[in-house]
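J.:
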């Protein structure tokens, strides 16, 4: 039973890392400063960061050791969550993509007419 649970956890972390990479890409395309770094090709950990403007930064860390959401403003930690609560906050961030919320100060690209 424990071997099966360990493998399920590893698969969960890999899936989460892949989704973080995709989220970073989409957020960058929307005009946010976002990145997702992984170590090695095993997809067993990631560091995801996004700037929401006005010195407002989100850091999401995932590894075999745990999951952490840290929200900072002006280099001060506002909130730190772990586990399921951290994943819930990540869903709230993903809703920015779902509802196409633009970052503060972003310029909308208007197609030029030829």
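In full-length UniProt numbering, the protein residues as written are 1 to 114. By construction, the Cβ of each residue, glycine as well, lies at the ideal position given by its N, Cα and C atoms. Since the model is a prediction, treat every value here as computed from it, not as a measurement.
For residue 73, report the span of its alpha helix (DSSP H) as first-last.
T.: Taken as a continuous stretch (DSSP letters only), residue 73 belongs to no alpha helix (DSSP H), being part of the beta strand (DSSP E) at 66–73.
J.: So for residue 10, helix, strand or coil by DSSP?
T.: Residue state, collapsed to three classes: helix.
J.: Answer with yes or no whether the minimum CB distance from residue 73 to chain B is below 9 Å.
T.: Here chain B cannot be found, since the structure has a single protein chain.
J.: Mapping the DSSP letters down to three states, classify residue 49 as helix, strand or coil.
T.: Strand at residue 49.
J.: Short of 7 Å in beta carbon distance, which residues of its chain neighbour residue 87, apart from the five on each side in sequence? Order them along the chain.
T.: So the qualifying residues of the chain are 67.
J.: Closer than 8 Å is the cut-off here; do at least three beta carbon pairs connect the region 35–54 with the region 2–15?
T.: Touching, yes.
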